[in-house]
Structures are given as C-alpha cells and as structure tokens.
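Asker: Got a structure for you, written out below as structure tokens; questions coming shortly.
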Amino acid sequence: MFEVIDRVKPGLQKLIAALRETYPYASVLAVADDCRSWSISRGGVNIGTPRMGGGTGYVVRVFDGTGCAEYSFNEFSEEKIPGICETLARRLAEQGKALEGAAPLPTPVPADEPAALKKETAWKVHPRDPGDEAIVKKLTALREKALACDARILDAQAQVAYRSCRKLFLSENRDLDQTLMWTTAMVAVMANRGQEIKMSYRPFSVLGGAEVLDDMDAGVEKAAADALELLDSQPIAPGEYECVCDPDTTGMIVHEAFGHGVEMDMFVKDRALAREFVGEYVASPLVTMHDGSAVEQTATAFFDDEGTLTGDTIVIDKGVLKTGMCDALSAARLGMAPTGNGRRESYERKAYTRMTNTYFQGGEFTPEEMIASVKDGFLLESPSSGMEDPKNWGIQCMVTTAREIKDGRLTGKIFSPIVLTGYVPDLLKSVTMMSKTPELSGSGFCGKGYKEWVKVSDGGPYMKARIRLG
Amino acid sequence: MIERIKKALDKCGISLWRINEMTEETAELFFVRRQLDTRRIKDVHKYEVTVFRDVEEAGRGFTSVQLIASMEDGQIEKELKDAYYAAQFAANPPYALADPVQAPPVEKAGELAQAPLAQSAGKMVRALFAPDTHEDAFINSAELFVSRKRLRILSSEGTDVSYTDANVNGEFVVQCREPEDVEIHNTYSYDGLETQALSEKVEEALTFVRDRARAQRVLKSGKYDLVLSGNAVAEVLSYYVQRSSASAVYAKYSTWQQGEDVQGGDAAGERLDLTFRATAPYSEEGIPMEDLPLLREGKLQAYHGPNRFCRYLGVKPTGNYKKLSSGNGTVSFEELKKGPCLWAVTFSDFQMDPMSGHFGGEIRLAYLIDGDTVTPVTGGSVNGSILEAQKDLTFSTDRYVTSKYDGPYAVRLTGVSIAGAGE
Numbered sequence: 139m140f141e142v143i144d145r146v147k148p149g150l151q152k153l154i155a156a157l158r159e160t161y162p163y164a165s166v167l168a169v170a171d172d173c174r175s176w177s178i179s180r181g182g183v184n185i186g187t188p189r190m191g192g193g194t195g196y197v198v199r200v201f202d203g204t205g206c207a208e209y210s211f212n213e214f215s216e217e218k219i220p221g222i223c224e225t226l227a228r229r230l231a232e233q234g235k236a237l238e239g240a241a242p243l244p245t246p247v248p249a250d251e252p253a254a255l256k257k258e259t260a261w262k263v264h265p266r267d268p269g270d271e272a273i274v275k276k277l278t279a280l281r282e283k284a285l286a287c288d289a290r291i292l293d294a295q296a297q298v299a300y301r302s303c304r305k306l307f308l309s310e311n312r313d314l315d316q317t318l319m320w321t322t323a324m325v326a327v328m329a330n331r332g333q334e335i336k337m338s339y340r341p342f343s344v345l346g347g348a349e350v351l352d353d354m355d356a357g358v359e360k361a362a363a364d365a366l367e368l369l370d371s372q373p374i375a376p377g378e379y380e381c382v383c384d385p386d387t388t389g390m391i392v393h394e395a396f397g398h399g400v401e402m403d404m405f406v407k408d409r410a411l412a413r414e415f416v417g418e419y420v421a422s423p424l425v426t427m428h429d430g431s432a433v434e435q436t437a438t439a440f441f442d443d444e445g446t447l448t449g450d451t452i453v454i455d456k457g458v459l460k461t462g463m464c465d466a467l468s469a470a471r472l473g474m475a476p477t478g479n480g481r482r483e484s485y486e487r488k489a490y491t492r493m494t495n496t497y498f499q500g501g502e503f504t505p506e507e508m509i510a511s512v513k514d515g516f517l518l519e520s521p522s523s524g525m526e527d528p529k530n531w532g533i534q535c536m537v538t539t540a541r542e543i544k545d546g547r548l549t550g551k552i553f554s555p556i557v558l559t560g561y562v563p564d565l566l567k568s569v570t571m572m573s574k575t576p577e578l579s580g581s582g583f584c585g586k587g588y589k590e591w592v593k594v595s596d597g598g599p600y601m602k603a604r605i606r607l608g
Numbered sequence: 003m004i005e006r007i008k009k010a011l012d013k014c015g016i017s018l019w020r021i022n023e024m025t026e027e028t029a030e031l032f033f034v035r036r037q038l039d040t041r042r043i044k045d046v047h048k049y050e051v052t053v054f055r056d057v058e059e060a061g062r063g064f065t066s067v068q069l070i071a072s073m074e075d076g077q078i079e080k081e082l083k084d085a086y087y088a089a090q091f092a093a094n095p096p097y098a099l100a101d102p103v104q105a106p107p108v109e110k111a112g113e114l115a116q117a118p119l120a121q122s123a124g125k126m127v128r129a130l131f132a133p134d135t136h137e138d139a140f141i142n143s144a145e146l147f148v149s150r151k152r153l154r155i156l157s158s159e160g161t162d163v164s165y166t167d168a169n170v171n172g173e174f175v176v177q178c179r180e181p182e183d184v185e186i187h188n189t190y191s192y193d194g195l196e197t198q199a200l201s202e203k204v205e206e207a208l209t210f211v212r213d214r215a216r217a218q219r220v221l222k223s224g225k226y227d228l229v230l231s232g233n234a235v236a237e238v239l240s241y242y243v244q245r246s247s248a249s250a251v252y253a254k255y256s257t258w259q260q261g262e263d264v265q266g267g268d269a270a271g272e273r274l275d276l277t278f279r280a281t282a283p284y285s286e287e288g289i290p291m292e293d294l295p296l297l298r299e300g301k302l303q304a305y306h307g308p309n310r311f312c313r314y315l316g317v318k319p320t321g322n323y324k325k326l327s328s329g330n331g332t333v334s335f336e337e338l339k340k341g342p343c344l345w346a347v348t349f350s351d352f353q354m355d356p357m358s359g360h361f362g363g364e365i366r367l368a369y370l371i372d373g374d375t376v377t378p379v380t381g382g383s384v385n386g387s388i389l390e391a392q393k394d395l396t397f398s399t400d401r402y403v404t405s406k407y408d409g410p411y412a413v414r415l416t417g418v419s420i421a422g423a424g425e
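This is the structure in structure tokens:
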C-alpha cells in the first residue's frame, strides 16, 4: 500500500545530499497516509477519508546561520530536487530580509548520530478486509440495538475510523522506517429533555485494526442507560469533595492537568511551572506517571517525527517529578537528550513536544473498596474536555457525570455537567487510593493550545482524590 | 492533473463527481520572546475527488479521496474505483447535487492577497511586537501563519469556478512575572493585513496579564451577572448557529422551525439579530455564498448548511458559513459593566455545548465589579445555560471583529452560576 515510500527513497537521499552542500544539517520526513471512517446516525450513512494525518507529503528540516527552518511540500521526484533547494534558499532569504535581522534563538545543530530501523505495528484484521458493506452493517446493527433500548432515545451514532501510515525519516546518518496503524470506534446515544439534549458515549481504541469492532457490542447498553440517567441529572453544589475518578477521568487529569505542564518546549519558553519542581514531590507517593511506547495504544511509535527513537519516560516516580518529555530542538536548547516526543499534526505542520501514551501506574485497591471508603463524595465518569495551564498548574477539566456517594454507597443521584478546577499539585498530593489495573483509552486527539491535533492515549487506574467541583 | 482525473473518472464509469483543487503556500514564523525559534514555508497542491453513486431503492451515496499529482494513472484509477465501490454502501435518501455554476475566477483584493508572503509576515511581526515595550509585562512567545490559497471547484453537473483567498492567523502568549508569575494565551485571525488591530490586541492582552498577576483567588460561589467579551461572545452565539443548521434539524437534534421565536417569547432583554457573512464566493460544494440573515428579533429566518441536508429540508442550499455577525448592542461597554457584575475576561478554555446549551470554563482573569470597586480575580469556573441566559441579554455597542465574528464586544447575562475559588 505504501510503495510510494520505496519509490521516492533514493530521490530523497539525493535531496539530503544536495541540501548538505549548503546546510550543516538536513533531514526529511516522508509520510504516506491511508485513512477511512465509517459512521451512521439519523443524519445518514457516511464513508469518508477524514483528514487526520494530513495525507501524503514531505517535510525537510535544515539548519542555516539563523537556526532551524523547514519546508513542507507534497510533490516530489528527483527532477524537482534543484527546485526544492532553490525555493528553500530563496524564500528563507526573502524572509530574513523582511524581518530585518531578527535575532535567532540559539540552538545547537543536531548531532545526527547513526541509527537505522524498519518496523511495523501489528494488527489482527486490517479495516479494509471486512469490506465497507460488512462494517456499515455492523454499525447499523449497533445503532439499532441502542435505539431499541428505550423510546426516549433521540438518536444513536456508531462510528469506526482507522489511520495507517508509513513514515520514513532520512538524514545523513539516519534511516528510519515505520508503519503504524490504529483504529478507534465510538457508540454515542442521545436523549432529550425539551431543548436540552444529553449525550453519552463509549469509546474504543486499539493499536491495530478492525478487531476493535468486536468490543463495541458491550458498550451499547451502558451508553444508552447513561444517556437516560442524564435526563434526570442536576447541577452540582460547588465545593471540594472526595472523588473517585474512573480510568478515563484519571487519564484526563494525567494528560490535561499534568502532562501538558511537563512538555519541555514549555520549559524553553519559561511557560511551565514544572521546571522549578524537578526532583521535588508534586504528587502523593502513590503516583507514578509514564509516557511513551512501552504500552500498545494509539500513540505507540518506534520513532518520532524528528527521527528520535521512542522509549518509556518515567515522568513522576512515587510522587517525585523526575523529568519532562522533550522534542529534539528543545532538548538541544536545554542541553539534554530528547525523549522521542517531537510530533507533528502532519507533514504540513511544525513539530512540538507532545505526549504519546500517558498514564498513571496502578495501585493496590479495587474500585469497590475505593467507593466504600468515601463518606460524602462522587464517582466521576465520562470526561468531555480539558485544557492545559502549564504556567500556573490550574486545572480545567470537564466530566459529564458525577455519581453521588454517601457513606460508601452510590445513591443513584446524578449531577451533570461538572467542571473540575483547582491547583494540580494539590489534587495529586491528595491521592490516597489507586486501583490495581491501569486502563488506557486512545479514542481522542490532543491539541497544543487550540490546534496541532495529534493522536494520543491516556489513562490510569481508578483514583481517589479531593477535587474542587463546580 | 484535472484532465487526468476526468479521464480516470470516465474510465471507471463514474458519472457523478466533484473535484476540489487547492494550492496553498504559507510563511510561518515561531518566536520565543523576540528570538526566532523556527521558520517554516509550505507549498502544497491537493485534489479531493468526491464520487457519487446511485443505488436502486437505497438512494445516493458518496465518498471522497485525496489525490496528488505524483500519483500514476493506475493508482488514481484504483483510488477512484475503491471510493466508487464504497459509495454504494453509504447511500442516503436521494437528493439533487449542487446546481451548476460557471463564472470567471474571483481574485481576492488587498495587500495580503497580492504582496509577497515574506513581506506580509514581516509587517505583521512588527505590528505584533510594537506594543511589547514594557519591562513588567511582555510577549513570551508567538506564532504567525500567513497563508494564500487558490481553490477551484468542478463538478459533473457543469460547475467550474475558482477563487483566491488569503489569511493571517496565529497566537501569542503574554507574561507578567510580578507579583505572581502568570501568562495569558491569545489567538488572532484576520482576512487582511490588520496590523493596527493586532497591535491593539497585544496592548490589551498586556494590560490583562498585568491584572492577572495581581488577581486574587477570592471569588465566592453563587449566582452573578456575568459579562463576557471578545471570543467568548461568539462562542455563546454558536449555540444558535448549530441549532439552526440543516443537518441538526434533519436529524431532529433541533426542532427549530423557520419563523419560530427560538430565543423564547419571555425574553426580557435584547432580541437577537444574527447574520451569516459570506467570506468566500463559493462553498466547497460550489454553492455561491451570500450574506444570510439567521435571526431577527430572536426569530429564526433560515436554515443553513451543505447541499444534501438543505435539499432534504426543501430549502435553498446555502453552503457552510465561517463568519457570524450580530447587529445587537444597546449600551456602551462602560454602561454594560455598571452595577454589580463579574466580567470574565479570559478562560483556560471557554466552551458552548450546542446540544445541551451549557457553557462554561475555568476563569483565568475576571474583574469583580461593584460600583467603583473593581477587583481582579482568578480561579473558579462558569457553569451556565443559554436556555436560561437568553431570557435577559444585553450587548455592548462597542464592536469586536475577527475573521470569524463581527459583533458586540461584550454581552451581559444575568444569574449565571459561578463556582468560586476562594472558599
């Protein structure tokens, strides 16, 4: 499927050689993309090619006297090499003139140490193999099952999407080749109370293929029941409560509240409070946090979009902040080794420090024991959105459902929607219980600010902490 | 390439199709303080082909594929055949494709569309940093994207139109280190070289970040008269955009009828006056775009959206709009803030959920106003419902303009629930 990469590789190697005649460093990332999505709702059936990866194209990185520069394009052949070199040089010169000599941010030229690999992730069933007809039939059946749950259900949506891509990173000393595939799915159920529509959904994700379809049946009835429960939900009385977070909510706290704050391009910009806390307790000793490709989820990769090999970064070890995650440019500026977190939305976009698979390790309790330990609080479920605040470690996370717990039992009362606020270390230091098994979910995309969407997964165990809710 | 695609479509027996050709070039600059972090340029040329297929008793389906010029003919044919095969399983009730349009190319006027990208980027960078002259509050980092596009739309129905577009957008972070080290994240987007508007936005952001640095976490939980400004006003109004879309009405997610008083007859405040602005001569389906009244006196004037859903509802297809304007505004911003209220200036992320009508976000800077006493506060969160708030809206006569919004700078909502940060 990705033969184009083999076809252009000799030409790209010649491009690197041509660029090296002018620049002390040159690399190219080539991406070949294959995406498809299938969905069904009351609005109809849709089969599409979502733009989640940006398509097939190339990005060249060079260093010149001013620092790092990049050129993204999507038409390449050996004949175009002189034109690419000329365009890059001319436009950088034009830009330099228009900026009237703006000072560069000092950045050492990358070391470009030798590395070579060719790897691919595994899948059981390629999403194209069942065929469009079979997938649409499966989604139709899931939707009808959800609609049959209760007459108050307004609509149900079922969808599946996958992205398979091959990435080739070449520099003078690096030849890295990987093929990755993830597949995600979702069942969403909507019920209405007048003009107000309540929605509940169940996400599914796998580093793999259409085998994720087998998991979807189990989520339909739960999504329907949750949507109907939300019809009777109430606004919560603002305050600080004992909370048990489900693994998805733990994941949102890991990712949004803490993870963005240890993306080390923020250290370079003096935008992250975490920089002052390396080596210090920022969380309860029950908290150990990982990021990387030691687990198989949707953000697993063998190398990042700057040609750095990936691994397992222990960010927090038993409550102590050990390190952040780092892209190659930021690592050079900070004088440290990159961690394989330089990621791009697509070949058309800049690489930033980005999370991959980010999660808290498990503890020793069961979810039932944790709920039983709460005198007056809530079980938080179904995170809906979150936003980072690396500078001040403020929390903004939203969850759809807070289930009331009184004297160790769920009362059946539901509150929604819920805004989580507060100071990140306060929340993490208040963690008193973790369940045994972390669960990761990779159904969503993560933005840097309000853009630059990349596939990530996050999660953890059930987690008990004190949290301000509103 | 267009002729190669047409030939492949013909060879594959595909008689209903649309081709969207897009070329884009950009100049992108990234700064840490005033130092250049990275420079980027981009030249891409893409073709998206949508193929339609009629299926007996099932209706009409479609799928799309993205093609690039370096593909060989055999690969193009394979992609198109694959899409055409899939389209039969995506059949929905039948509908007519967008009406054919043929017109001369439309060239965007103005300096941004005409001048070299590097030159435009240089002017905007100077505007960005011009107010950055203070010791206490400064630009921490910034990004600038200058983009120029040429788009062409062709269809099997006979459409052949093209136009050019240009945009400048980006973000900047302002920081103030004393008495507390804080920042505020800002975004901007303009259709022209709006150097003065960008400088004013930076100047305002520097004022806000100074106030955030001395803001106290003293906000108490309760009901407040809430003043929202800038992008948050557009976000609140997005509820009406989503609920009036043809796709939402067709799917029965919205029960709104044309002519219906969707703001509610018991609304005591200003009646909503909203209009869509056409920012491109054609939609991506080739539908000619023109300004469209959406709400007048709180009553729905029109559904809007892509061809298929508008056809289903029996209304004229409008295309998807990207800019909303509001004619509301009865008092000056200074008047709007009089009387006890909370002016929430910046959030970590302010969002409207168009399904539930709930809006909210964590407050990064707000001013607690009570007579002559103005207290900067931080922390806490807004949790409101437009279904309640729309009954009493007051808009400022001061205006705010971006590439996506043109309307009042601020709106005052009564009795909104706030979770405090101070107790």
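Top to bottom, those sequences are chains A and B.
Note that the working numbering has the first sequence beginning at 139, numbered continuously upward.
Note that the working numbering has the second sequence beginning at 3, numbered continuously upward.
Yeah, the Cβ is synthetic: ideal placement off N, Cα and C, and Gly gets one too.
All of these numbers come straight from a predicted model, not from anything done at the bench.
(1) Comparing alpha-carbon positions, which option in A/ARG228, A/GLU506, A/THR194, A/GLY608 lies nearest B/LEU119?
(2) Checking 8 Å against the spacing of the C-beta atoms, do A/VAL594 and A/MET463 come in under that value?
(3) If we count the other Cβ atoms within 10 Å of its Cβ and call it buried at 16 or more, is B/ASP4 buried or exposed?
(4) Run through the DSSP bridge pairs and tell me what B/ILE4 is partnered with.
(5) List the DSSP bridge partners of B/LYS406.
(6) With distances taken between CB atoms, is the gap from A/GLN333 to B/GLY267 smaller than 8 Å?
(7) Identify which residue in B/PHE147, B/ARG6, B/SER17 has its Cα closest to the Cα of B/GLU23.
(8) Taking a contact to mean a Cβ-Cβ separation below 8 Å, would you say B/VAL170 touches B/THR28 in this structure?
(9) Would you list the residues sitting across from B/GLN68 in a DSSP beta bridge?
(10) Return no unless some Cβ of chain B is closer than 8 Å to the Cβ of A/MET402.
(11) Measuring alpha carbon to alpha carbon, tell me which of B/VAL108, B/LEU114, B/GLU182 ends up nearest B/ARG150.
(12) For B/GLN104, which of helix, strand or coil comes out of DSSP?
(13) Which residue comes first and which comes last in the alpha helix (DSSP H) that contains A/TYR485?
(14) Return the CA-CA distance between B/GLU390 and A/ALA375, expressed in angstroms with no decimal places.
(15) Quick test of your reading: A/GLY580 and A/TRP320, contact by CB under 8 Å. State the CB separation rounded to the nearest angstrom.
(16) Grouping DSSP H, G and I as helix and E and B as strand, with all else coil, what is B/LEU274?
(17) Determine the chain B residues that contact A/ASP465 at a beta-carbon separation under 8 Å, and present them in chain order.
(18) For the candidate residues A/ALA603, A/VAL453, A/ARG340, whose alpha-carbon lies nearest to that of A/SER522?
(19) What in chain A is Cβ-close to B/PHE32, meaning under 8 Å?
(20) Please report the Cβ distance between B/LEU99 and B/SER143, rounded to the nearest whole angstrom; I am assuming they are in contact, meaning their Cβ atoms lie under 8 Å.
(21) Could you tell me the distance, in whole angstroms, from the CA atom of A/CYS383 to the CA atom of A/MET508?
(22) List in chain order: all unbroken alpha helix (DSSP H) runs of 4+ residues lying wholly within the region 320–381 of chain A.
(23) Output the residue ranges of the beta strand (DSSP E) runs that lie fully inside the region 261–306 of chain A and measure 3 residues or longer, sorted by chain position.
(24) Measure the CB-CB distance between B/VAL347 and B/VAL384 and report whether it falls below 8 Å.
(25) Just by C-beta distance, which residues in the region 353–370 of chain B are closer than 8 Å to chain A?
(26) Can you give me the Cβ contacts of B/SER247 inside the same chain, cut-off strictly under 8 Å, excluding the 5 residues immediately before and after it?
(27) To the nearest angstrom, how far is it from the Cα of A/ILE335 to the Cα of B/ASP355?
(28) A/ILE219 lies in the alpha helix (DSSP H); which residues open and close that run?
(29) A/PHE498 and A/THR388 look like a contact to me (Cβ under 8 Å); what is the Cβ gap, rounded to whole Å?
(30) So with CB distances below 8 Å, who are the chain B contacts of A/GLY457?
(31) Sort B/ALA60, B/GLN68, B/ILE43, B/GLU58 by Cα distance to A/MET190 and report the nearest one.
(32) For B/TYR226, which residues from the same chain have a beta carbon less than 7 Å from its beta carbon, with the 5 sequence-adjacent residues on both sides left out?
(33) For the beta strand (DSSP E) that B/GLU159 lies in, which residues bound it at each end?
(34) I want to know whether the region 184–202 of chain A touches the region 482–493 of chain A - three or more CB-CB distances under 8 Å.
(35) Should the region 44–55 of chain B be regarded as contacting the region 9–22 of chain B, the criterion being three or more beta carbon pairs within less than 8 Å?
(36) Can you round the beta-carbon distance between B/ALA88 and A/ILE185 to whole angstroms, since I take them to be within the 8 Å contact cut?
Answerer: The short version:
(1) In the second sequence, counting from the first residue as 1, residue 119 of chain B sits at position 117. Among A/ARG228, A/GLU506, A/THR194, A/GLY608, the Cα nearest to that of B/LEU119 belongs to A/ARG228.
(2) Here the question's residue 594 of chain A lines up with position 456 in the first sequence. Here the question's residue 463 of chain A lines up with position 325 in the first sequence. No, these two residues do not count as a Cβ contact at 8 Å.
(3) The sequence position of residue 4 of chain B within the second sequence is 2, counting from 1. Note on identity: in this sequence residue 4 of chain B is Ile, with Asp being the wrong assignment. Flag for B/ILE4 reads exposed.
(4) Start at 1 with the first residue of the second sequence, and residue 4 of chain B comes out as number 2. Beta-bridge pairing links B/ILE4 to no other residue.
(5) Here residue 406 of chain B corresponds to residue number 404 of the second sequence, with the count starting at 1. Per DSSP, none; premise fails for B/LYS406.
(6) As a first step, residue 333 of chain A is located in the first sequence; it is residue number 195 there, counting from the start. As a first step, residue 267 of chain B is located in the second sequence; it is residue number 265 there, counting from the start. Contact: no.
(7) Residue numbering aside, residue 23 of chain B sits at position 21 when the second sequence is read from its first letter. Checking every option, the nearest Cα to that of B/GLU23 belongs to B/ARG6.
(8) By 1-based counting over the second sequence, the position of residue 170 of chain B is 168. By 1-based counting over the second sequence, the position of residue 28 of chain B is 26. Going by C-beta atoms, B/VAL170 is not nearer than 8 Å to B/THR28.
(9) Reading the second sequence from its first residue, position 66 is the one you call residue 68 of chain B. In the DSSP assignment, the residues bridged to B/GLN68 are B/GLU50.
(10) For this step, residue 402 of chain A is matched to residue 264 along the first sequence. No, A/MET402 lies away from the interface with chain B (no Cβ there is under 8 Å from its Cβ).
(11) As a first step, residue 150 of chain B is located in the second sequence; it is residue number 148 there, counting from the start. For B/ARG150, the closest of B/VAL108, B/LEU114, B/GLU182 by C-alpha to C-alpha distance is B/LEU114.
(12) Here the question's residue 104 of chain B lines up with position 102 in the second sequence. Three-state result, B/GLN104: strand.
(13) As a working note, residue 485 of chain A is residue 347 in the first sequence. Run containing A/TYR485: none; DSSP gives neither H nor E here.
(14) Within the second sequence, residue 390 of chain B is the residue found at index 388, counting from 1. Within the first sequence, residue 375 of chain A is the residue found at index 237, counting from 1. Separation of B/GLU390 and A/ALA375 (C-alpha to C-alpha, rounded to the nearest whole angstrom) is 18 Å.
(15) Taking the first sequence and counting its residues from 1, one reaches residue 580 of chain A at position 442. Taking the first sequence and counting its residues from 1, one reaches residue 320 of chain A at position 182. Their Cβ separation, rounded to whole angstroms, is 7 Å, which keeps A/GLY580 and A/TRP320 in contact under 8 Å.
(16) Numbered from its first residue, the second sequence carries residue 274 of chain B at position 272. Three-state DSSP puts B/LEU274 in coil, outside helix and strand.
(17) Numbered from its first residue, the first sequence carries residue 465 of chain A at position 327. Under the 8 Å cutoff, chain B gives no residues; its nearest Cβ is about 11 Å from A/ASP465.
(18) Reading the first sequence from its first residue, position 384 is the one you call residue 522 of chain A. That would be A/ARG340, whose Cα lies nearest to the Cα of A/SER522.
(19) Taking the second sequence and counting its residues from 1, the one referred to as residue 32 of chain B is at position 30. In chain order: LYS488.
(20) Here residue 99 of chain B corresponds to residue number 97 of the second sequence, with the count starting at 1. Here residue 143 of chain B corresponds to residue number 141 of the second sequence, with the count starting at 1. The C-beta distance from B/LEU99 to B/SER143 rounds to 46 Å, too long to fall under 8 Å, and the pair is not in contact.
(21) Your numbering for residue 383 of chain A matches position 245 in the first sequence. Your numbering for residue 508 of chain A matches position 370 in the first sequence. Taking the straight line joining both Cα atoms gives about 10 Å.
(22) Complete alpha helix (DSSP H) runs here, min 4: 355–368.
(23) none
(24) Taking the second sequence and counting its residues from 1, the one referred to as residue 347 of chain B is at position 345. Taking the second sequence and counting its residues from 1, the one referred to as residue 384 of chain B is at position 382. Result no, Cβ atoms of B/VAL347 and B/VAL384 do not sit closer than 8 Å.
(25) Of all residues in the region 353–370 of chain B, GLN353, ASP355, MET357, SER358, GLY359, HIS360, GLY362, GLY363, GLU364, ARG366 have a Cβ within less than 8 Å of some Cβ in chain A.
(26) On the second sequence, position 245 is the one that residue 247 of chain B refers to. Cβ neighbours of B/SER247 beyond the five flanking positions: SER256, TYR305, HIS306, GLY307, PHE311.
(27) On the first sequence, position 197 is the one that residue 335 of chain A refers to. On the second sequence, position 353 is the one that residue 355 of chain B refers to. Approximately 10 Å, taken between the alpha carbons.
(28) Start at 1 with the first residue of the first sequence, and residue 219 of chain A comes out as number 81. Counting along the chain, the alpha helix (DSSP H) containing A/ILE219 begins and ends at 219–236.
(29) Taking the first sequence and counting its residues from 1, one reaches residue 498 of chain A at position 360. Taking the first sequence and counting its residues from 1, one reaches residue 388 of chain A at position 250. Yes, they are in contact, since the Cβ atoms of A/PHE498 and A/THR388 sit about 6 Å apart, within 8 Å.
(30) Locating residue 457 of chain A in the first sequence gives position 319, where the first residue counts as 1. Those do not exist, as A/GLY457 stays about 24 Å from chain B at its closest Cβ, beyond 8 Å.
(31) The residue you call residue 190 of chain A lines up with position 52 of the first sequence. Per the Cα distances, B/GLN68.
(32) Taking the second sequence and counting its residues from 1, the one referred to as residue 226 of chain B is at position 224. Result list for B/TYR226: CYS343, LEU344, VAL418, ILE420, in chain order.
(33) Numbered from 1 along the second sequence, position 157 holds the residue referred to as residue 159 of chain B. Counting along the chain, B/GLU159 falls outside any beta strand (DSSP E), and DSSP gives it neither H nor E.
(34) yes
(35) yes
(36) By one-based count along the second sequence, residue 88 of chain B stands at place 86. By one-based count along the first sequence, residue 185 of chain A stands at place 47. Yes, B/ALA88 and A/ILE185 are in contact; Cβ-Cβ is about 5 Å, under 8 Å.
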